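Asker: If you're matching positions, the sequence shown starts at 451 in my numbering and goes up one per residue.
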Amino acid sequence: MTRPLTAETIEGLFDIASRAPSAHNTQPWLPRLLEITEAGARIRVRTDAERTLPVSDEHGADLGMSLGCWVEACTIAAAEEGLRLCELTVTGERHDVTITFLLTPAGSEPAGDAAPPADGAGPSDAPDPSDAPDPSDAEVSAGFAVAEVLTRQIDRGRLRRDTAAVEAAVAEYAALRPQAILDRTAHGEVHRQEPDDRISGIVIAQVPEAIWVKAARYAQSAPFEPREAFDETVRWLRLDDRDPRYQEDGLTAETLRLPRRTGRLAARLLGGDEAPDGARDRLRAILVTASAWSTMLPTFITRRAPDRLALAIEARHPSEVSAQRWVLLGRELMRLWLVFARHGLRVSVESQLKDVQLPAAMLADVLRRTAPARDGGKPVYQPFTAFSVGRSTGSVPRSPRLR
Numbered sequence: 451m452t453r454p455l456t457a458e459t460i461e462g463l464f465d466i467a468s469r470a471p472s473a474h475n476t477q478p479w480l481p482r483l484l485e486i487t488e489a490g491a492r493i494r495v496r497t498d499a500e501r502t503l504p505v506s507d508e509h510g511a512d513l514g515m516s517l518g519c520w521v522e523a524c525t526i527a528a529a530e531e532g533l534r535l536c537e538l539t540v541t542g543e544r545h546d547v548t549i550t551f552l553l554t555p556a557g558s559e560p561a562g563d564a565a566p567p568a569d570g571a572g573p574s575d576a577p578d579p580s581d582a583p584d585p586s587d588a589e590v591s592a593g594f595a596v597a598e599v600l601t602r603q604i605d606r607g608r609l610r611r612d613t614a615a616v617e618a619a620v621a622e623y624a625a626l627r628p629q630a631i632l633d634r635t636a637h638g639e640v641h642r643q644e645p646d647d648r649i650s651g652i653v654i655a656q657v658p659e660a661i662w663v664k665a666a667r668y669a670q671s672a673p674f675e676p677r678e679a680f681d682e683t684v685r686w687l688r689l690d691d692r693d694p695r696y697q698e699d700g701l702t703a704e705t706l707r708l709p710r711r712t713g714r715l716a717a718r719l720l721g722g723d724e725a726p727d728g729a730r731d732r733l734r735a736i737l738v739t740a741s742a743w744s745t746m747l748p749t750f751i752t753r754r755a756p757d758r759l760a761l762a763i764e765a766r767h768p769s770e771v772s773a774q775r776w777v778l779l780g781r782e783l784m785r786l787w788l789v790f791a792r793h794g795l796r797v798s799v800e801s802q803l804k805d806v807q808l809p810a811a812m813l814a815d816v817l818r819r820t821a822p823a824r825d826g827g828k829p830v831y832q833p834f835t836a837f838s839v840g841r842s843t844g845s846v847p848r849s850p851r852l853r
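1) Near A666, which residues of its chain fall below 6 Å by C-beta distance, leaving aside the five closest residues on each side in sequence?
2) Compute the Euclidean distance between the alpha carbons of V816 and I661, then round it to the nearest angstrom.
3) Flag this pair as yes or no: are the beta carbons of R610 and T456 separated by less than 8 Å?
4) Evaluate contact between the segment 509–519 and the segment 765–785, counting only Cβ atoms and requiring at least three cross-stretch pairs below 8 Å.
5) Confirm, please, whether the CB-CB distance from L813 to A760 is below 8 Å.
6) For a quick check, are the C-beta atoms of V797 and I604 less than 8 Å apart?
7) State the Cα-Cα distance for the pair E598 and V846, rounded to the nearest angstrom.
8) Would you call the CB atoms of F594 and I493 closer than 8 Å?
9) Tell me the residue span of the alpha helix (DSSP H) that contains I466.
10) State buried or exposed for F834, treating a residue as buried only when at least 16 other CB atoms are found within 10 Å of its CB.
11) Drop a sphere of 10 angstroms on the beta-carbon of I811, count the other beta-carbons inside from all chains shown, and report buried for 16 or more, exposed for fewer.
12) Does the separation of the CB atoms of L795 and A625 fall below 8 Å?
13) Exposed or buried, P658, counting other C-beta atoms within 10 Å across all chains shown (16 or more means buried)?
14) For S667, which three-state DSSP category applies?
15) Which residues mark the beginning and the end of the alpha helix (DSSP H) in which S516 is found?
16) Does W479 come out as helix, strand or coil in the three-state DSSP assignment?
17) My output table needs one value for T601: the three-state DSSP class, helix, strand or coil.
18) Using a Cβ-Cβ cutoff of less than 7 Å, which residues in the same chain neighbour P768 once the five nearest sequence positions on both sides are dropped?
19) Could you tell me if R781 is buried or exposed, where buried requires 16 or more neighbouring beta carbons within 10 angstroms of its beta carbon?
20) Could you tell me which of A528, T541, R695 and T712 sits nearest to P555, measuring between CA atoms?
21) In the DSSP assignment, find the alpha helix (DSSP H) that holds R714 and state where it starts and stops.
22) Take E800 as the anchor and find which of E770, S772 and D757 has the nearest alpha-carbon.
23) Less than 8 Å separating the beta-carbons of I460 and V495?
24) With DSSP collapsed to three states, give me the class of F837.
25) Can you tell me whether DSSP reads G780 as helix, strand or coil?
26) Looking at the unbroken alpha helix (DSSP H) that takes in R758, where does it start and where does it end?
27) Leaving out five residues before and five after A470 in sequence, what residues of the same chain have Cβ atoms less than 6 Å from its Cβ?
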């Protein structure tokens, strides 16, 4: 660095990191600068309990990956300031996670002492050494620019298929990792997996359109059942552009591609104490019924649909995955999406496909049937994200942010 490390510099990094994606745009991070010493800046990121999704994200997977995306965005911003991230630790579990790390000048060596544990952390919270970041981690992050973080967007509109660009992007992402973390790319190319790889076996697979459409139908009721899940989803909908929160967080009518009048009408129907008596319950019942009937309709597919991708790891259940690993997976997901953006591609996330048991099993079956055999049989995969990827067909509205 050519200038002193200051609190203002760190606040600037926090502002950039706030552009990271998060489930329902909840922005569940509470970053804080703990101290600045000769070694660098010690940062702590805690979970904002008011911004978690305990019903739809029972095991904290989306929370951990959201925090991981934040860490990755902060790391990229720090690299442009001549800083690198080291001594990353993740403690806690599910919806109570704390991350600490040190930002140190890129040319210096860390002191070598372990980062202090988070407040209240005990021996049982010690991170698994097998989940520790590898030495090349900072170099991978340094390959991206702040401008890429700031311009990356989710597009919930219509995406145009460009399989060649998707293949090129996946190949570029695979090249970021010389130890080959991928078992295969979206179109079946097999990579060697190192047995000691820190995120052991991320798998990217293309999902056939017929299976995707069928899985999506079974997942349609996810935001509406049980009632607690419906209420949790509604809490993060920002459908009325006159709502002060519209410019702060959540899923806005604009990003959901709803016309202004439609958004305002929906907001009235869903509006808590101000809603007409029973209106919310009636609307929920209609949505649940419509979702149930849709599963009985024929499956129509189109060649114009964008590529459908699912990412998975070897695990039998999300409860087996540590908070540390979810954070690391979030960092990898952020990198992949940034690579897609380099190729002019955007994604539309379909979280319900991995959150609902039957659609998740359908995705896992695609992965299992095409996976290379190993000693002891085929591996068992747990999808951790599913999304469409293609080229935007129009302007893309930006999601609001608190900072």
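Ideal Cβ placement from N, Cα and C applies to all residues, glycine included.
Quantities reported herein were computed from a predicted structural model and do not represent experimental measurements.
Answerer: The answer reads as follows:
1) Reading the sequence shown from its first residue, position 216 is the one you call residue 666. Cβ neighbours of A666 beyond the five flanking positions: none.
2) In the sequence shown, the residue the question calls residue 816 occupies position 366. In the sequence shown, the residue the question calls residue 661 occupies position 211. Computed Cα separation, rounded: 9 Å.
3) Walking along the sequence shown from the start, residue 610 turns up at place 160. Walking along the sequence shown from the start, residue 456 turns up at place 6. Not a contact, by the Cβ cut-off of 8 Å.
4) yes
5) Along the sequence shown, read from residue 1 onward, the residue named residue 760 stands at position 310. Along the sequence shown, read from residue 1 onward, the residue named residue 813 stands at position 363. Contact flag set, yes.
6) The sequence position of residue 797 within the sequence shown is 347, counting from 1. The sequence position of residue 604 within the sequence shown is 154, counting from 1. Yes, they are a contact pair.
7) Within the sequence shown, numbered from 1, the residue matching residue 598 stands at position 148. Within the sequence shown, numbered from 1, the residue matching residue 846 stands at position 396. Going from the Cα of E598 to the Cα of V846 covers about 15 Å.
8) Position 144 of the sequence shown holds residue 594. Position 43 of the sequence shown holds residue 493. Against a cut-off of 8 Å, the Cβ pair of I493 and F594 comes out as no contact.
9) Position 16 of the sequence shown, counted from the first residue, corresponds to residue 466. Element bounds for I466: A457 to A467.
10) Here the question's residue 834 lines up with position 384 in the sequence shown. That one is buried.
11) For the purposes of this step, residue 811 is taken as residue 361 along the sequence shown, with counting starting at 1. Just to set this straight, residue 811 is Ala in the shown sequence, not Ile. With fewer than 16 other Cβ atoms within 10 Å, it is exposed.
12) Taking the sequence shown and counting its residues from 1, the one referred to as residue 795 is at position 345. Taking the sequence shown and counting its residues from 1, the one referred to as residue 625 is at position 175. The answer is no: Cβ separation not under 8 Å.
13) Taking the first residue of the sequence shown as 1, we reach residue 658 at position 208. By the neighbour-count rule (16 or more Cβ atoms within 10 Å), P658 is not buried but exposed.
14) As a first step, residue 667 must be located in the sequence shown, where it is residue number 217. Per the sequence shown, residue 667 should be read as Arg rather than Ser. Looking at R667 - three-state DSSP - the assignment turns out to be helix.
15) By one-based count along the sequence shown, residue 516 stands at place 66. Its alpha helix (DSSP H) spans residues A511 to E530.
16) Taking the sequence shown and counting its residues from 1, the one referred to as residue 479 is at position 29. Three-state result, W479: strand.
17) Position 151 of the sequence shown, counting from 1, holds the residue named residue 601. T601 falls in the helix class under three-state DSSP.
18) Translated into positions along the sequence shown, residue 768 becomes position 318. Taken in chain order, the residues that qualify are H509, A511 and Q832.
19) Position 331 of the sequence shown, counted from the first residue, corresponds to residue 781. Buried: at least 16 other Cβ atoms inside 10 Å.
20) Indexing the sequence shown from 1 puts residue 555 at position 105. Of the listed residues, the one whose Cα sits closest to P555 is A528.
21) In the sequence shown, the residue the question calls residue 714 occupies position 264. Residues R710 to L720.
22) For this step, residue 800 is matched to residue 350 along the sequence shown. Checked all of E770, S772 and D757; the closest Cα to E800 is D757.
23) Numbered from its first residue, the sequence shown carries residue 460 at position 10. Numbered from its first residue, the sequence shown carries residue 495 at position 45. Their beta carbons are not under 8 Å apart, which means I460 does not touch V495 by this criterion.
24) As a working note, residue 837 is residue 387 in the sequence shown. Three-state DSSP puts F837 in a strand.
25) Residue mapping note: residue 780 aligns to position 330 of the sequence shown, counting from 1. It is helical.
26) Here the question's residue 758 lines up with position 308 in the sequence shown. Run containing R758: none in the alpha helix (DSSP H); it sits in the beta strand (DSSP E), D757 to E764.
27) Taking the sequence shown and counting its residues from 1, the one referred to as residue 470 is at position 20. Answer for A470: C519, W520 and A523, listed in chain order.
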